[in-house]
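What follows is a single structure, written as structure tokens, with notes after it.
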Ligand code: ADE
Ligand code: ZN
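Numbering (UniProt numbering), first residue to last: 1 to 322.
Structure (structure tokens):
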């Protein structure tokens with residue numbers, strides 16, 4: 001059995017985190033943006049992270065190369081092509097408009113390029129994909145609300161909102177208003193929680209933001225009562241094992257809680273997060289887990305099935321995959 005052939009949905013991937021160093025160099029040259037090196041391997045060598053913030057610093061800096069509609073199209077197409085080869089049949093893709101707005105890039109350019117890539121990928125690769133607009137938690141609740149209001153003309157181009165960037169010190173409670181507005185607009189809601197932050201961040205995301213999925217959620221395992229809530233309500237957790245090891249949320253893959261989370265009946269899915277930075281796409285994450293924990297056919301099939309169950313596909317489309 002080769003894990004690469006498992007058809008899956010990918011529910012936790014930041015399009016900006018799929019910017020491979022080869023494309024980074026191409027875009028830097030195209031747009032006259034200065035980089036510390038123009039050798040993709042040398043740039044990759046700089047990716048030595050000690051925690052989430054040490055990654056975010058480089059990740060945001062690299063995004064200065066994204067300037068035009070064509071850049072966003074190329075980024076989207078590159079991910080969707082690689083994801084299709086990884087077995088991804090459905091992708092629910094995060095993007096960070098506030099980063100691009102701060103770089104002087106209008107929303108029209110961002111949506112234009114990404115939405116065109118999603119349409120072309122559906123036509124040429126048969127992959128179904130939608131966008132989830134993420135708010136940067138370090139910029140606070142008011143900026144998040146301004147971003148949602150600015151995105152209202154593009155409501156037909158994203159299916160939900162999320163919450164990402166630095167977690168500790170920026171709890172979900174700062175974002176209740178903007179998530180209430182997203183709910184009123186009929187948007188799906190997800191949030192990163194329990195990646196570096198403790199179980200309380202997961203509780204707040206559920207109770208105050210009404211999220212339908214938790215991104216990461218690995219630290220929920222520290223709170224038995226919370227695990228019971230997540231299990232009973234079958235709240236999906238979009239777990240990213242290689243990311244957790246790279247950012248030292250977990251000391252080594254062999255200590256990852258994913259097998260325990262599966263064993264207690266949590267609705268766990270496997271995802272790549274920022275594959276250009278963390279050493280692998282969703283197939284690589286699945287392969288690493290299978291190798292490390294000798295996961296059997298049933299466990300792998302459960303992970304694949306969970307990914308579609310947890311997706312925001314309409315029920316009839318979900319059933320075609322599970
Ligand atoms: N933005 C991109 N990747 C992220 C992660 N793993 N956690 C929080 N914000 C992010
Ligand atoms: Zn993430």
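The beta carbon of each residue, even a glycine, is placed where N, CA and C say it ideally should be.
Burial state of residue i (16 or more Cβ within 10 Å)
i           : result
residue 62  : buried
residue 252 : exposed
residue 10  : buried
residue 315 : exposed
residue 64  : buried
residue 12  : buried
residue 304 : buried
residue 224 : exposed
residue 14  : buried
residue 257 : buried
residue 204 : buried
residue 17  : buried
residue 103 : exposed
residue 75  : buried
residue 119 : exposed
residue 98  : buried
residue 269 : buried
residue 137 : buried
residue 234 : exposed
Same chain, Cβ closer than 7 Å to residue i, five either side skipped, listed in chain order
i           : result
residue 264 : 227, 231
residue 82  : 281
residue 249 : 195, 196, 218
residue 311 : 9, 11, 90, 92, 318
residue 50  : 248
Other residues of its chain near residue i: CB distance less than 6 Å, five sequence neighbours each side excluded
i           : result
residue 321 : 308
residue 69  : 109, 112, 113
residue 27  : 65, 71
residue 115 : 157
residue 100 : 110
Assigned secondary structure, residue i (DSSP; H/G/I helix, E/B strand, else coil)
i           : result
residue 30  : helix
residue 273 : strand
residue 256 : coil
residue 268 : strand
8 Å Cβ shell around residue i - same chain, five flanking residues per side excluded
i           : result
residue 132 : 92, 93, 94, 95, 158, 159, 160, 161, 162, 188, 190
residue 29  : 38
Counterpart residues of residue i in DSSP-defined beta bridges
i           : result
residue 162 : 134
residue 189 : 161
residue 9   : 90
residue 298 : In DSSP, residue 298 forms no bridge with anything.
Exercise. What alpha helix (DSSP H) runs, 4 residues minimum, are completely inside the region 208-252?
Worked result: 224-233, 241-246
Exercise. In the region 73-159, which residue ranges form an unbroken alpha helix (DSSP H) of at least 4 residues, counting only runs that do not cross its ends?
Worked result: 97-102, 107-125, 140-150
For this session: Could you name the residues whose beta carbon sits closer than 6 Å to any heavy atom belonging to ligand 4, keeping them in chain order?
Result: Ligand 4 is absent from the structure shown, which contains only ligand 1 and ligand 2.
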